[in-house]
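In the working numbering, the protein residues as written are 193 to 640. Structure first, then comments.
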């Protein structure tokens, strides 16, 4: 009897992270990779004022360090699918650390400033390749919210400790800013060794066999993935989210120094607490998200984040600012992993690498555009412009998030995939409800 392949939109039994010893090893390695990626992204905010002083440059010029990695993310999005079909996850585990080393080695040599933005493109490419590969793999597993919570929690740990280490090296040990990259070179070399050993068997042929057995159809291209409205909604959401996150992480130190008049080490500690809150939120709230569903959870987290950002802006007290910043990180933390899970629930399995690679690249654009915009505007009006910009971004992405189909109940995303519901249905329902209430309120009441 001939075995038939399952239909394209069927949902296979989710893989478990510890189903085999090699699977567990790979999951641990992905957490280490995200730890290093977090250190990469988190250190820049702490180093920014010192790079600015070292090279005697202004806000706008130093902000270019945020822009160029976006180009690397874009290139990664274009080649991610090809990498997986050609060399598999082994390629992602190999390429990610190698390209980051191509950036860290020149950074450690502190060349003239124009070289720095150029080599930062390699960090964007390496992060983009591993970001989509590991998110797509773990996003399809059993208990994906919790697993992605720990994965992105590892990113948060890296982003938490790197500004603390960098600030201590500069302010306490009186070292130059570039000495921090000696640490990054050593850690990335270790990642290269364990990553290639963990994913050595995850070849392109193995990836093609898995995709064919699950979907039973021809290869999906990036162009096919970007034709899906869900891909664009998640991409625009991540664009705004990452813009807000990295703008805060990148400019908190400068804001606390020059607006809240904090001491240098305390300003560095503030951004550390922001990333610590982000880490705790990803780990703790991942379990909450799993219970109530991604659509409702993110809506609640964003509403609370908007309130905290408003308080951070309007309450000038230093201690209060630190508390608001940490809580803001806590509720912003689970947004990225929950959005990844939502995308995997709404899109067919063979779309995940291309769609998540594209969404991650657009999200990388947020990491470039947001901090650069803050720096460029701050050059004219001061760094206090950080708060209204972030507040506006958060308000925008909560509106974008409501466009996803499936309603706000748990299981709604899976239902939307099965029934092929179109995006925007919830917005139309909310608008109809508002019009109905307005019409009732406008009717004259009958006399008793």
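By construction, the Cβ of each residue, glycine as well, lies at the ideal position given by its N, Cα and C atoms. Just so it is clear, the structure is predicted and the values come from calculations on it, not from any experiment.
The way I'd put it, the stretch 422-435 does touch the stretch 585-597; three or more beta-carbon pairs between them come closer than 8 Å. A straight line joining the alpha-carbon of residue 365 with that of residue 356 spans about 12 Å. Ranked by Cα distance from residue 540, the options 332, 222, 288 are led by 332. The C-beta distance from residue 487 to residue 604 rounds to 6 Å, short enough to fall under 8 Å.
Beta-bridge annotation (DSSP): residue 244 is not paired with any residue. When beta bridges are read from the DSSP output, residue 333 appears opposite 207.
The beta carbons of residue 261 and residue 560 sit about 6 Å from each other, so the pair counts as a contact at 8 Å. Within the stretch 238-301, complete alpha helix (DSSP H) segments of at least 4 residues are found at 251-254, 256-259, 261-278, 280-300, given in chain order.
Judged by their CB atoms, residue 479 and residue 497 are not nearer to each other than the 8 Å cut-off. For residue 452, no alpha helix (DSSP H) run applies, since DSSP gives it neither H nor E. Ranked by Cα distance from residue 418, the first of 459, 553, 289, 509 is 553. Ranked by Cα distance from residue 211, the options 612, 421, 324, 335 are led by 335. Within the model, the alpha-carbon separation for residue 312 versus residue 592 is close to 30 Å. Your pair residue 457 and residue 359 checks out as a contact, with CB atoms roughly 6 Å apart and the cut at 8 Å. Comparing alpha carbon positions, the residue from 511, 477, 502 closest to residue 459 is 511.
231 is the residue among 221, 231, 224 whose C-alpha sits nearest the C-alpha of residue 464. Per DSSP, reduced to three states, the secondary structure at residue 594 is coil, with no helix or strand assignment. Taking 8 Å as the cut-off, the beta carbon of residue 317 is found closer than this to the beta carbon of residue 291. Pairing residue 377 with residue 293 gives a Cβ-Cβ distance under 8 Å. Straight-line measurement puts the Cα of residue 449 at about 43 Å from the Cα of residue 599. Around the Cβ of residue 382, a 10 Å sphere holds fewer than 16 other Cβ atoms; the residue is exposed. DSSP places residue 605 inside the alpha helix (DSSP H), whose first and last residues are 604-611. Rounded to whole angstroms, the gap between the alpha carbons of residue 555 and residue 547 is 12 Å. Around the CB of residue 295, 16 or more other CB atoms lie within 10 Å, so the residue is classed as buried. With contacts defined by Cβ atoms closer than 8 Å, residue 567 and residue 307 do not form a contacting pair. Excluding the 5 residues flanking it on each side, residue 615 has same chain C-beta neighbours closer than 8 Å at 421, 422, 425, 595, 596, 597, in chain order.
Between residue 328 and residue 545 a beta carbon distance of about 5 Å is seen, short of the 8 Å cut, so the two are scored as contacting. Take residue 580, set aside five residues on each side of it, and no residue of its chain has a beta-carbon closer than 6 Å to its own.
DSSP places residue 573 in the helix class (H, G or I) of the three-state scheme. If you look at residue 373, you'll find it in the alpha helix (DSSP H) that goes 372-390.
In this structure residue 348 touches residue 525 by the C-beta definition: roughly 6 Å separates them, less than 8 Å. The beta-carbon separation of residue 519 and residue 469, rounded to 6 Å, stays under the 8 Å limit for a contact.
Excluding residues up to 5 positions away in sequence, 466, 469, 470 lie with their Cβ nearer than 6 Å to the Cβ of residue 521 in the same chain. Under the three-state reduction of DSSP, residue 366 is assigned to coil, being neither helix nor strand. The Cβ-Cβ distance between residue 395 and residue 282 falls below 8 Å. Per DSSP, residue 533 is one residue of the alpha helix (DSSP H) stretching across 527-538.
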